[in-house]
Structure formats: structure tokens, C-alpha cells
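Input: a single structure, listed below in C-alpha cells.
Rendered as C-alpha cells:
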């Protein structure tokens, strides 16, 4: 079973702090990794994609990928109350065509 | 910014009835998908569609489900005989290339009673 695992949370962080989210995946052949943000009752919104080992920064978001250890992480710097949402890790598993396999999501609560 | 449009936003149907969920993907995208999310659960893959045919489908996507691209813009999901357990949010998504992240539509909340 190809799986993507995330801690469900909630991850509670004070406003202005760094939120750190982790995701592990089981298929070593996975090639593409994505972070989506989902507000309650809304659709997932793509916030980051990463394809190679290392860090990728976009504004207050940094995605980190380590294929050897099979994990991908997301850092949210200077967290704002508007960042309160569920963050979904999604993986394109090489052997599974173009579909994305989603983790269960980590709920983040940013407290003012 | 281009977006994926889904209609209706909410559909209530009686068990055993047929429903059609509609989607208009982003115009230059070539890959189309349907996902669903039962309340409180993971986003689950249903089917992918490329070059006017299904490229992959999940175990969920049984004979009760079908997809169609009847014209150059619409992409539909049909459930022939709905069951209570089909109640979920159904998301359409599209991508320009197969290995890119998707853009999701706003979803259709299907309630089967």
C-alpha cells in the first residue's frame, strides 16, 4: 500500500512563530511532492511544489525534501491567524501514474 | 487567475437516483481528475482523464461511476445509482502537465438521503 502519512495535529503555534509540518511517504520511487492548504469546507489550494532534494522557498513558506529518508516538510515563517487551516501533503507516486496520493493533513492553529 | 469551475455547489439526491457533477477545467490544461473527500477523511483519488480517455481509476470508481468530456470545455462525473456512502465533497482538478500540481475546483457537496 502506497501511503502518505502526516501527524493530524492540531499544531498550535503563536502568531509570529514558525510552524513546522512533516510528511513521510512509503514509495521510494516518488518523484513529485506538493503541499496544499485546505480551509474548512473549502477545496485544497496548492501552495508549494518540490521535485528535488533540498529546500525551496516561496515567501513565508519553505518546503524541504529528503528522498533518502522519504520525508518532506513545510515551514511557515511568521505565522499569521490566516494560516490556520489543514495542510495536506500530496505525493505523485511514480508507479501510480499521474494521480496524487494525499496524506490525512495536519491541522494548524495560529493563536494571536 | 484561471480557475476550475464546478457546478452545482451542493446537490441533495435520494438514494438510487442518478447524479451528474459538472466541471469546467482550465482551458489549456490537458489532464483532468476527480477526487472525493468524505467529511473528516482524506482526499481520495477517483479517476484521471487524458486525451479523451480514462488513464487511471481507483477501486472506488466502480461500474456506478463514469466520466465524460462531452465537448471541449466540460468534464462530468456521473453516478448512476447513488448510495448513502457516496455522500462526500467531490473535487474536480486539472493540470497542464501530468507531473504538475493540480488546480482544484471549489467542489460539489453531494448529500445522498
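Residue numbers (the numbering used here), protein chains in the order written: chain R, 7 to 118; chain G, -13 to 99. The beta-carbon is built from N, C-alpha and C at its ideal position, and this holds for glycine as well.
Residue 75 of chain R in three-state terms, based on DSSP: In the first chain, residue 75 of chain R corresponds to position 69, counting from 1. It is coil, neither helix nor strand.
Proximal chain C residues relative to residue 85 of chain G, where beta-carbon distance stays under 9 Å: The chain labelled as chain C is not found among the protein chains of the depicted structure, namely R and G.
Proximity of residue 15 of chain G and residue 82 of chain G at Cβ, strictly below 8 Å: Counted from its first residue, the second chain places residue 15 of chain G at position 29. Counted from its first residue, the second chain places residue 82 of chain G at position 96. Yes, they are a contact pair.
Helix, strand or coil at residue -5 of chain G [DSSP, three-state]: The sequence position of residue -5 of chain G within the second chain is 9, counting from 1. Of the three classes helix, strand and coil, the one that applies to residue -5 of chain G here is coil, per DSSP.
Proximity winner among G/36, G/50, G/48, relative to residue 11 of chain G (alpha-carbon distances): On the second chain, position 25 is the one that residue 11 of chain G refers to. That would be G/36, whose Cα lies nearest to the Cα of residue 11 of chain G.
Nearest-angstrom Cα separation, counted from residue 27 of chain G out to residue 77 of chain G: For this step, residue 77 of chain G is matched to residue 91 along the second chain. For this step, residue 27 of chain G is matched to residue 41 along the second chain. If you take the alpha carbons of residue 77 of chain G and residue 27 of chain G, they lie about 14 Å apart.
Beta bridge counterpart(s) of residue 64 of chain G as assigned by DSSP: For this step, residue 64 of chain G is matched to residue 78 along the second chain. Answer by DSSP bridge pairing, in chain order: G/6, G/52.
Identity of the residues DSSP links to residue 60 of chain R by a beta bridge: Numbered from its first residue, the first chain carries residue 60 of chain R at position 54. Its beta-bridge partners are R/71.
Separation of residue 21 of chain R from residue 47 of chain G, as counted between CA atoms: As a first step, residue 47 of chain G is located in the second chain; it is residue number 61 there, counting from the start. As a first step, residue 21 of chain R is located in the first chain; it is residue number 15 there, counting from the start. Answer to the nearest angstrom: the Cα atoms are 42 Å apart.
Residue 20 of chain R - DSSP class collapsed to helix/strand/coil: As a working note, residue 20 of chain R is residue 14 in the first chain. Residue 20 of chain R: strand per DSSP, three-state reduction.
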